[in-house]
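Below you'll find the structure, written out as structure tokens, and then a few comments.
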Amino acid sequence: MQRRQSSETLKKPPQVHHKNQTDLSAWRKGRRTDPEKSAQSRQSPSDKKNDSEQDSLEEALSYFEQVQDRVSLKKNSALQKHLTTVESIALQRGLPPEGFDVLLKVALSGKLADTVNTRLLKSLVPASVIPETSVVSAVSWLCVSKCSGSTQLLFLRWLITMFDFIDHKEELHALYGFFFSFLQDEKMCPYVCHLLYLLTRKENVKPFRIRRLLDLQGKMGMQSYLQALLSLYKLFCPELVTITLPGKMKTYFKNSEGPWKAAINTVRQRNQASSPVFQTLLLGTAQPQSRKRKWNSQLILPASSSNRNNLEEHRDLYSKDQSFPVEQLQTFSQLLQNIHHLEFPSQMGSVLMNPLLLHYVNCIKDEAVDLRLYYWMGQTLQEECTWCVADSSPYEEEFKNFLETVYKTECFLQEGFSSCEEFLYKSLPLWDGVCCRSQVLRLVSWIPLSSLSEMKSHLCDPLSQLFFTSSLYFKCSVIESLKELLQNWLNWHVFHLDSESDSQAHSSNTTLSELVNVVAELIRYVGWISTVALCLETNHTFLLYFILDFYETVCDIYLRYNLPLLILPPPGVFYPALLSMDSVNLNQLCYIMYRYRTNLVAAKENELSKKQILRFKFSSQTYQEYNQYTIAMVGCLWTSNAFQKDTHPQGLCMDDELLKKTAVKEFKTSFNIVCHPAMMGYALLFLQQAWPDDTPFNFSLIKGKRWNWYLEYLYSQGLKGLKVFIESSISRVSHSKAKNEQV
1 MQRRQSSETL
11 KKPPQVHHKN
21 QTDLSAWRKG
31 RRTDPEKSAQ
41 SRQSPSDKKN
51 DSEQDSLEEA
61 LSYFEQVQDR
71 VSLKKNSALQ
81 KHLTTVESIA
91 LQRGLPPEGF
101 DVLLKVALSG
111 KLADTVNTRL
121 LKSLVPASVI
131 PETSVVSAVS
141 WLCVSKCSGS
151 TQLLFLRWLI
161 TMFDFIDHKE
171 ELHALYGFFF
181 SFLQDEKMCP
191 YVCHLLYLLT
201 RKENVKPFRI
211 RRLLDLQGKM
221 GMQSYLQALL
231 SLYKLFCPEL
241 VTITLPGKMK
251 TYFKNSEGPW
261 KAAINTVRQR
271 NQASSPVFQT
281 LLLGTAQPQS
291 RKRKWNSQLI
301 LPASSSNRNN
311 LEEHRDLYSK
321 DQSFPVEQLQ
331 TFSQLLQNIH
341 HLEFPSQMGS
351 VLMNPLLLHY
361 VNCIKDEAVD
371 LRLYYWMGQT
381 LQEECTWCVA
391 DSSPYEEEFK
401 NFLETVYKTE
411 CFLQEGFSSC
421 EEFLYKSLPL
431 WDGVCCRSQV
441 LRLVSWIPLS
451 SLSEMKSHLC
461 DPLSQLFFTS
471 SLYFKCSVIE
481 SLKELLQNWL
491 NWHVFHLDSE
501 SDSQAHSSNT
511 TLSELVNVVA
521 ELIRYVGWIS
531 TVALCLETNH
541 TFLLYFILDF
551 YETVCDIYLR
561 YNLPLLILPP
571 PGVFYPALLS
581 MDSVNLNQLC
591 YIMYRYRTNL
601 VAAKENELSK
611 KQILRFKFSS
621 QTYQEYNQYT
631 IAMVGCLWTS
641 NAFQKDTHPQ
651 GLCMDDELLK
661 KTAVKEFKTS
671 FNIVCHPAMM
681 GYALLFLQQA
691 WPDDTPFNFS
701 LIKGKRWNWY
711 LEYLYSQGLK
721 GLKVFIESSI
731 SRVSHSKAKN
741 EQV
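What follows is the structure, encoded as structure tokens:
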């Protein structure tokens, strides 16, 4: 990017364009004006407006470039006019790359009053990229101390906010020591630490810098920004930083993007609506740059041949430990060849958008990367949460997209972020259950394993309040999310169990015990809210389906996930499913009870086997509760004596006198596989096919051999759950009428 050298150049139409040169005329919206045809061409009102703004900006930049002496804002109408022009265009459309050299120079040279400098710095919003040469030139003005301290602070905040917009950063990295020297200024220290945090590489960690940071910490106390930099130094060189640092913090640095946030959003939305031709002109590449907020930044190497050539020239000058810039990473083979030499981006938001970098994060446990990602994501979630921050409604859709990206990243890594967990624990009590509902509940499904107290107070309690007062569909979404959370925890257990050696088995007993307790607490919590929800929604079939889907995972925990835990559904879930009007739910319940039986039988056999490595005994209460449920199901579906034989305290057992008052003639057979409300439709179709001429249909005809035919008909209709339950349980108790079903 070459900036214009004089005001005359600005006013002359470009005759010849160098391939690497970008002039102000390229800033026009997808359009260049041919001087020979401009008088003949017909322009639309919008084109005329664009040309007028273009001319005004060129005139303003020419004015600021020629400023020599100190100028007062109040007594100079020209300064007021040109300053207003820059502000208006910058905050609406963004500034072209060549405008930054002029404006940064005049803002930091001390030629204008602090009020003007502040307004200029707050107007420095890029339309595309910021040339690194302009930034380095601006930094050099800090050496001469001609601008005030407040202007220097604002410049540092601007530099931190616009860090991702700078086209190259090699020369900025070379200024690391210069920035480090500003740590002695207490006011600038927090922002300098933030900038150094973004710039730090392993080669920047030196003993004298560590000593300097420790001296500052002794002088200022345990400041979060100093701890952040020391933590990063310790990750790069643990042998040099021997002190103990506090654990992870939710916020290391203050938010620096306040003055530019709204303008960045406006420019981003405007540029996204522009034509691809305009985006190509802005970037000098065929790929449009989507980044106008931190989390959408993509690592696109600018179309500058000099940068690539420099990288190739310097590659041979370094040792074999030469770091590999991620901007050069294009293929999976490159990742494999350079996986131990990757130089990660300073802003970690770009990692979420790069599958190759996610492969690196997944394969290499780099604590420096984890720390940066933890800080960046925690800071972003806290600052951008639309229900925790005032006046954030315009950004709801963008925040929703960000949460979606975070969720997809967690799915890719098969692991939840601790910063997301902290965000959810902090924000769920303030959440209305509507804003970003799908995204928030998806993030809930990836909460890492927590202690019982944390999960109850930070997750269960706020979620329960929303759950009981929200719609049926919200309840179903919560149950689905908690099912996925349970599956993710169980998959985590299986993965770590497979990776453990025999020598580590004993040391993992404590972790296993904690896992069992946390999983059991989650299952009991879902059982409780499910019972209440079924009462509130009058046993709605749709809700019951999601609840039984959850217990389809629970019933197989012992065999499928090798976790010594089995918890049966509470009576408030079991009996509504048993008496459900829907055959899908009844069939699913039968399958669940079949899997419970299979797991309990396997557990009993393992208890008697001396070869079993993991010894764990289920309580007799678990077997007893299963037997009670099985007797109730057999009594309903098969032997028609559930009202007499159900022994569960909350079961179906009722006196005959009470049943007679219902005025149902055949109340004993009301819930067998023929007359059950969920099965009656199948019985009618069976009778219609078997005896099409007999009307009205008589259900009492289904007995003896016809009963067996009816069973085969039900199996042929896809009721596999009913089939496996009958074959595994009913046949064992048919001769004794289900008096004492034992596993």
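When you line the sequence shown up against full-length UniProt numbering, it's residues 1 to 743, in that order. Note that the Cβ used here is the ideal one computed from N, Cα and C, for glycine as well.
| Asked | Found |
| --- | --- |
| Can you say whether Ala-138 is buried or exposed, counting buried as having 16 or more other CB atoms within 10 angstroms of its CB? | buried |
| Using only the alpha-carbon positions, how far apart do Val-674 and Asn-698 sit? | 11 Å |
| Taking residue 744 as the reference, give the member of Arg-268, Phe-417, Tyr-63 with the closest Cα. | Summary: the structure shown does not reach residue 744, with the chain confined to residues 1 through 743, and so no result is reported for it. |
| Can you tell me the Cα-Cα spacing of Phe-725 and Leu-637, whole angstroms? | 11 Å |
| Could you tell me the alpha carbon to alpha carbon distance between Ser-181 and Trp-376, rounded to whole angstroms? | 25 Å |
| Can you tell me which of Val-434, Ser-513, Phe-686, Gln-92 puts its alpha carbon nearest to the alpha carbon of residue 749? | Limits of the chain in this structure are 1 at one end and 743 at the other, which puts residue 749 out of reach. |
| What did DSSP end up calling Val-478 once you bin it into helix, strand or coil? | helix |
| From Asp-185 to Lys-426, what distance separates their C-alpha atoms? | 34 Å |
| Taking the beta carbon of Glu-538 as the centre, do at least 16 other beta carbons fall within 10 Å, making it buried, or is it exposed? | One point to set straight first is that residue 538 is Thr, not Glu, in the sequence displayed. The residue in question, Thr-538, is exposed, as its Cβ has fewer than 16 Cβ neighbours within 10 Å. |
| Considering only the alpha carbon of each residue, which of Ser-450, Tyr-591, Gln-644 lies closest to Tyr-715? | Tyr-591 |
| Reducing DSSP to helix, strand and coil, say where Ile-166 ends up. | strand |
| Quick check on Pro-462 - is its C-beta less than 7 Å from some C-beta in chain D? | Within the model displayed, chain D is absent; a lone protein chain is all it includes. |
| Identify the continuous alpha helix (DSSP H) that holds Asp-101 and give its terminal residues. | 99–108 |
| I'd like the span of the alpha helix (DSSP H) that includes Gln-439, first residue to last. | 437–444 |
| Between Val-139 and the ligand MN, is the CB less than 6 Å from at least one heavy atom? | This structure simply doesn't include the ligand MN, nor any ligand for that matter. |
| Alpha helix (DSSP H) containing Glu-227: first to last residue? | The sequence as given places Gln at residue 227; Glu does not occur at that position. Gln-227 -> alpha helix (DSSP H) spans 224–236. |
| Closer than 8 Å by C-beta to Cys-363: which residues in its own chain qualify, once you throw out the five before and the five after it? Chain order, please. | Ile-339 |
| Output the residue ranges of the alpha helix (DSSP H) runs that lie fully inside the region 509–545 and measure 4 residues or longer, sorted by chain position. | 509–536 |
| Work out the CA separation of Val-129 and Lys-105 for me, nearest whole Å. | 17 Å |
| Short check: CB of Ala-228 to CB of Tyr-191, under 7 Å? | no |
| Assuming Thr-598 contacts Leu-559 (C-beta within less than 8 Å), just tell me the rounded distance between them. | 7 Å |
| Which of helix, strand or coil does DSSP assign to Leu-449? | coil |
| Assuming Trp-158 and Leu-124 make a contact with CB atoms under 8 Å, what is their CB distance in whole Å? | 6 Å |
| For Leu-711, name the three-state secondary structure that DSSP assigns. | helix |
| State yes or no: is the C-beta of Lys-475 within less than 7 Å of the C-beta of Ala-533? | yes |
| By the three-class DSSP mapping on this structure, what secondary structure does Leu-722 have? | helix |
| DSSP on Phe-399, reduced to helix/strand/coil? | helix |
| Determine the DSSP secondary structure at Lys-37, reduced to helix, strand or coil. | Note that Lys-37 has pLDDT 43, beneath the 50 cutoff, so the model's placement of it is unreliable and no number is given. |
| Is the beta carbon of Leu-482 closer than 7 Å to that of Phe-423? | no |
| Report the rounded CA-to-CA distance for Ser-453 versus Arg-201, giving the unit in angstroms. | 39 Å |
| Use the C-beta contact count for Met-220: other C-beta atoms within 10 angstroms, 16 or more gives buried, fewer gives exposed. | exposed |
| Work out the CA separation of Tyr-225 and Gly-284 for me, nearest whole Å. | Reliability fails at Gly-284, whose pLDDT of 34 lies under 50, so the model's placement of it is uncertain and no value is given. |
| For Ser-583, tell me which candidate among Ser-148, Leu-544, Ala-602, Ala-174 has the shortest Cα-Cα distance. | Leu-544 |
| Is it buried or exposed for His-82, if we count other Cβ within 10 angstroms and need 16 for buried? | buried |
| Taking Tyr-360 and Ser-419 to be in contact with their CB atoms under 8 Å, please state how far apart those CB atoms are, rounded to whole angstroms. | Actually they are not in contact, since the Cβ atoms of Tyr-360 and Ser-419 sit about 19 Å apart, beyond 8 Å. |
| Would you mind working out which of Gly-681, Tyr-233, Gln-644, Tyr-407 sits nearest Ala-632, comparing C-alpha positions? | Gln-644 |
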